[in-house]
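Visitor:
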Amino acid sequence: MSARERLAGGTANFIDERTGAAKWMKKTLTKVFPDHWSFMLGEIVMYSFVILLLSGTFLTFWFDPSMKEVEYEGSYEPLSGVKMSAAYASTLNISFDVRGGLLMRQIHHWAALIFMAAMVIHMMRVFFTGAFRKPRELNWIIGVALLTLGIVEGFLGYSLPDDLLSGTGIRIAEAIIQAIPVVGSYLAYFVFGGAFPGEVFIQRIYTVHILLIPGIMLALITAHLMLVWYQKHTQYPGPGRTEKNVVGYPLMPVYMAKAGGFFFIVFGVTAFLGAVASINPIWIFGPYNPGQIGAGSQPDWYMGWLDGLVRLAPPIETHAFGYTISWNILIPGLIVPGIIFTLLAFYPFIEQWMTGDKREHHILDRPRNNPNRTAIGAMSLTFTLVALINGGNDLIATHFDLSINQIMWFSRIGIIILPPLAFVITKRICLSLQRADRELVLHGRETGRLVMLPHGEFIEVHEPLSPQKAYLLTHHEQNPPLALTNEDAQGVANPQGIKGRVRSRMSRAAQEQITKPTAKEVLEIEEGHH
Amino acid sequence: MNPISRIIARLSRYRRHKFAGPALLIAGLSIAGIGFSVAQAATTEIQKVTTSDKASLIAEGKEIFARGCSSCHGLNAEGAGAAPSLIGVGAASVDFQVATGRMPMADMSQQAMRKEPVYNEAEVAALAAYVASLAPGPAAVTNEELAWERSGDTALGGELFRTNCAMCHNLAGQGGALTQGKYAPTVMGVEPRHIYEAMVTGPQAMPVFANTVLTHDEKLSIIKWIKHAENEPALGGAALGRVGPVTEGLLAWTLGLGLLIGIAVWLTTKAR
Amino acid sequence: MMNNENSGAIEKLSDPGLPEHIHRKTDVDPRAAKKAERQVSILFALSAFGTLLFIYSYIWIPEDTFIFLPITGTTNAHQLFLGLGLAMALFFIGMGAVHWAKTLMPDHEVVDYRKEQRSKDEDRAALVATVKEGAANAGLGRRPLIKRTMGLALGLVGLSPLLLLRDLGPLPENELNETNWKAGTRLVTDPGDRPIRPSDLEVGGVAQVQPAFPQGKVRHLDDIAKDSVLLIRIRPEEFNLDAERLSWTYQGIIAFSKICSHMGCAVALYEQTTKHLLCPCHQSTFDVTRAAKVIFGPAARPLPQLPITVDSEGYLVAQAPFNEAVGPSFWERDS
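Below you can see the structure in the form of structure tokens.
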């Protein structure tokens, strides 16, 4: 036995004798990871989170979360002598007087943008492939909670430096709080410790940003991972892959190296961005002052769609009995996002209700094979995208020679018309792709080679598909819509008539499919060919 | 000992002479006096030239005006239709509009843009002299006259810029959108004198910042800050247009996430 | 009602099973394996070089060193090389590990089997029995008084932490309706604190102003957040105001709160040509000639107008405080 083997054996023995974990560890080390790039998206999110924790901890060593007014005396000359909050001054200090401080600030901010972007892409992957279906609905809900927390965490984070750009964002957040009926002004006074901007909110959001929300997120991420671990990965369809197995590479050693290596890669790419691209140059923006503002004030991208919604809201306010309700703030700022996130969180159950499918699913859907879901996804993304575009309308106007008024009207109309249009178009595209799949299975691949038949007719040679490919294109289920009746056997109308009719309509929409070829059809065609 | 030091040494022998002080004083005064009168003669000479020159300059300006500007602004600069009257706008306005190429306009559709100037400096000066001769207005300035580098205060300028300018021209001076397709242009790469003249005259949609509200020195500070922002090296890497989070988000999605997804695809493909 | 049982009704093509394993070059050719090994080592060596670059930059590149780069222009070399060193150090460890895993570690796919998440029926029944038995032993059903008082106690105990949050801030009282503008308060420039005469402002001119503070009173951000006013001068005949609002102006000079009536951003984008004010945050547009009436965007109310006049020394002063609350709407607002 070599020295190394002895050491490994000794360590394993030490741990097992104290925890009895040998069996569990063996199982863990041989856990199977399916190999697909889209399964790495969630890892980008997780690694970005770790990068955020590391770089964030570094920043806390110098950041002073205080709104005490100080006169700047650091090395950034154009601000010397300017009165500012200690928070802003210490951010300048991190940027210019701590070696590597600016790098860490930029890494932290880039990691945050990538964290949110990867979260959205990961969520899109899970949505469009149906990975949220039973038994993974809980993990989907945890994911939606993480997305929501991520947006809030990001917003609070970029507000900490107390610069003019982020201060404007805080001002808008205050207006949203203040607009809440009945308790709004009280809540605003509690949050800001008095009139806006007050002298406390930086230290308050600091605690929330570095302790409360990251703590909750860490707990949720842990639960998320434990569920993935316990329920095992989903897998893409293919030959040899069933609802009862999972095909891939073992954790030890392949995925340990791949996933571990990927952490360093994500960190490396983030550090690269931090090295070469400037982000949130607060020294240009100046310290916050409610009497100042900059043209083109924008939030970070994950808040941009909310800002876009607020911009396109109609100017409606109700004044009655001496009280005011600001619909122009409440609808885009609270009501619509509230509805969107609720629908998002409950989507797995909504789909179950539409299709009546309550079985477990571990094989992923190809998006085209579930046209209704794919179309719903495209519709939601279109809505968000129109809002996001409107959130940057001033920059789009100056860079593409347009008018903000035109873009605003485009968005106001577009946000109503474009999402349903996207739904219809996406659904048609999916059905066309299904039709193409059917053709492919039945008639093989067009080779582009023409041959002349003995009687003079030209035909194109079609190459039959490999059995693997044919299986991939036909393995999916196609269920007929729910047979729902609004009357019982005696002809008495169901008291839940409307609900039933809606469900029946939804179910028909959900199950709209191009009939896939059956084994019999394929056999017939093959016999005909040869 | 070289000859000059020998002379100095010889002279210094008389430095305790009782007439030494007055003599030195007289010598010094006469040198200064001669110099001054020569200089004064020179100045009057120049002034004479200017006066006679001024008339011809105005005449020249009037001629350029008749050829290039009168079709819109009217033969006597009284204005017509969309083109405003230029009576009383002053030389500052002409210098700003013409020397930055905004006037004459290429097309009347939206807003006069900064472009390659049509007239050279001398022609601009002539035009300015002509317009200034119509009615008193703000005078044109030169970069040297402004002496912003000496009199300005960058930090104060930043504060003033954020209060008075940033709402239209963006926090980093990159410009921004106004209503109905109009825009506030970037202030980067603009001649100091044109920045000053713009503040004094309020060209196009821009309001006037009178010297009583925003003092001369405050204007110089604003110019100093703008020039600082313009020349500030990339402290944290590529500036991404300095327009804030929109380009940052775009880069995070394209370069950041793009790279990572590309690597993820490589990571999960089977090696051959 | 449900017919999942039919789902398998369409006969599927048979599953051809997992594809055959194809050997990599590195599996069959020792030379290829050797080459891959070298590549992995080079990647790790690059990482080590990155760390050296990082250390070098940290210690020996002064923070005020600048170099010229094509895209970024003159760039801070300390920050750049520190970052590039770190990026290389991290990135190439990852690349090395992944390349190692891909080329040299076993690439036989393995199959793991899964079972349904649902527990076995007997386990579930046992759980139900345990819960029932536990509940029965506690006697919750038999002792309704305990159940109710416990519910009350648990419901109430949550109130105390809520109450503890009460002292986060004072009550708003009437503060949202008040500003520092009083009748006779002078308008002073922001920044600079200089009083303004009407003649200081040309037609087409603007001034950012604050109320004059008595000696010794310090202007806080809280004050600026409410008091900021934009002063605009146009030709008096261009006003389209009723008699009262017209009396609030002075020789074509009109004063509006700079705090947007929508969400409180500073509205100061004044277009001299159109006499429009634009808010850069959400593009609400206000018409100055019509008392800042909203003509575009999400704002629902005009900007509050400050009545102004001149005092005995000829300086601009407020005639009266704002007649309505400035800034974004709130529930108790009465207009």
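Residue numbers (our numbering), protein chains in the order written: chain A, 331 to 860; chain B, 23 to 294; chain C, 69 to 403.
Note that beta-carbon positions come from the ideal geometry of N, C-alpha and C, so glycine has one too.
In this text the structure is predicted, and so the values were computed from the model without any measurement.
#1: Got a sec, what are the start and stop residues for the beta strand (DSSP E) residue 163 of chain B sits in?
#2: So that I know if they touch, is there some Cβ in chain B lying closer than 8 Å to that of residue 330 of chain C?
#3: Give me the chain B residues within the contact set of residue 258 of chain C, using Cβ-Cβ distance strictly less than 7 Å, ordered along the chain.
#4: Would you please verify whether the beta carbon of residue 189 of chain B is less than 8 Å from any beta carbon of chain A?
#5: What does the Cβ neighbour count give for residue 548 of chain A, buried or exposed, with the cut at 16 atoms within 10 Å?
#6: Give a yes or no on whether the minimum CB-CB distance between residue 666 of chain A and chain C is below 8 Å.
#7: Can you list the residues of chain A that residue 205 of chain B reaches, using a CB-CB cut of under 8 Å?
#8: Going by the CB atoms, is the gap between residue 711 of chain A and residue 638 of chain A shorter than 8 Å?
#9: Would you call the region 620-629 of chain A and the region 507-520 of chain A in contact, with 3 or more CB pairs under 8 Å?
#10: Who are the near neighbours of residue 363 of chain C in its chain, counting only those whose CB is closer than 6 Å to its CB and skipping five residues on each side?
#11: Please determine, among C:302, C:135, C:285, the residue with the shortest C-alpha to C-alpha distance to residue 358 of chain C.
#12: So, with DSSP's three-state summary, where would you put residue 668 of chain A?
#13: Are residue 109 of chain B and residue 99 of chain B closer than 8 Å when you measure CB to CB?
#14: Of all the options A:616, A:715, A:438, A:633, which has the alpha carbon lying nearest to the alpha carbon of residue 748 of chain A?
#15: Check whether the region 228-241 of chain B and the region 651-665 of chain A touch, using three or more Cβ-Cβ pairs below 8 Å as the test.
#16: Please classify residue 284 of chain B as buried or exposed, where buried requires at least 16 neighbouring CB atoms within 10 angstroms.
#17: Quick check on DSSP: helix, strand or coil for residue 319 of chain C?
#18: Measuring CA to CA, which of C:163, C:121, C:368, C:95 is closest to residue 173 of chain C?
#19: According to the neighbour-count rule (16 or more other Cβ atoms, all chains shown, within 10 Å of its Cβ), is residue 158 of chain B buried or exposed?
#20: Find the nearest neighbour of residue 138 of chain C within the set B:145, B:261, B:77, judged by alpha-carbon distance.
#21: Between the C-alpha atoms of residue 88 of chain B and residue 143 of chain B, what's the straight-line distance to the nearest angstrom?
#22: I'd like the list of long-range same chain contacts for residue 593 of chain A, defined as Cβ closer than 6 Å, with 5 residues on each side in sequence excluded.
#23: Taking only beta-carbon positions, decide if residue 695 of chain A is within less than 8 Å of chain C.
#24: In chain A, which residues lie with their C-beta within 8 Å of the C-beta of residue 201 of chain B?
#25: Can you name the residues of chain A whose CB is closer than 9 Å to the CB of residue 262 of chain B?
#26: Would you check if the distance between the CB atom of residue 157 of chain C and the CB atom of residue 118 of chain C is smaller than 8 Å?
#27: Between residue 86 of chain C and chain B, is any beta-carbon pair separated by less than 8 Å?
#28: To which residues does DSSP link residue 298 of chain C through a beta bridge?
#29: Is there a Cβ from chain B that is less than 8 Å from the Cβ of residue 616 of chain A?
#30: Going along chain C, which residues have a C-beta under 9 Å from residue 136 of chain B?
#31: So, is the C-beta of residue 124 of chain B closer than 8 Å to a C-beta in chain C?
#32: Jot down the residue ranges of each uninterrupted alpha helix (DSSP H) in the region 221-290 of chain C, minimum 4 residues, whole runs only, in chain order.
#33: For residue 222 of chain C, count neighbouring C-beta atoms within 10 Å of its own C-beta (all shown protein chains included) and say buried if the count is 16 or more, exposed if not.
#34: Where does the unbroken alpha helix (DSSP H) through residue 390 of chain A begin, and where does it stop?
#35: List the residues of chain B that residue 366 of chain A touches, going by C-beta distances under 8 Å, in chain order.
#36: Threshold first: 4 residues or longer. Then list the alpha helix (DSSP H) segments lying entirely within the region 80-156 of chain C, N to C.
Guide: This is what the structure gives:
#1: It is not in any beta strand (DSSP E) - residue 163 of chain B carries neither H nor E in the DSSP assignment.
#2: no
#3: 185
#4: yes
#5: exposed
#6: no
#7: 727, 728
#8: no
#9: no
#10: 353, 355
#11: C:302
#12: helix
#13: yes
#14: A:715
#15: no
#16: exposed
#17: coil
#18: C:95
#19: exposed
#20: B:261
#21: 18 Å
#22: 377
#23: no
#24: 733, 734, 735
#25: 607, 608, 609
#26: yes
#27: no
#28: C:276, C:324
#29: yes
#30: In chain order: nothing, as chain C lies at least about 17 Å away.
#31: no
#32: 227-232
#33: exposed
#34: 371-390
#35: 290
#36: 93-96, 98-128
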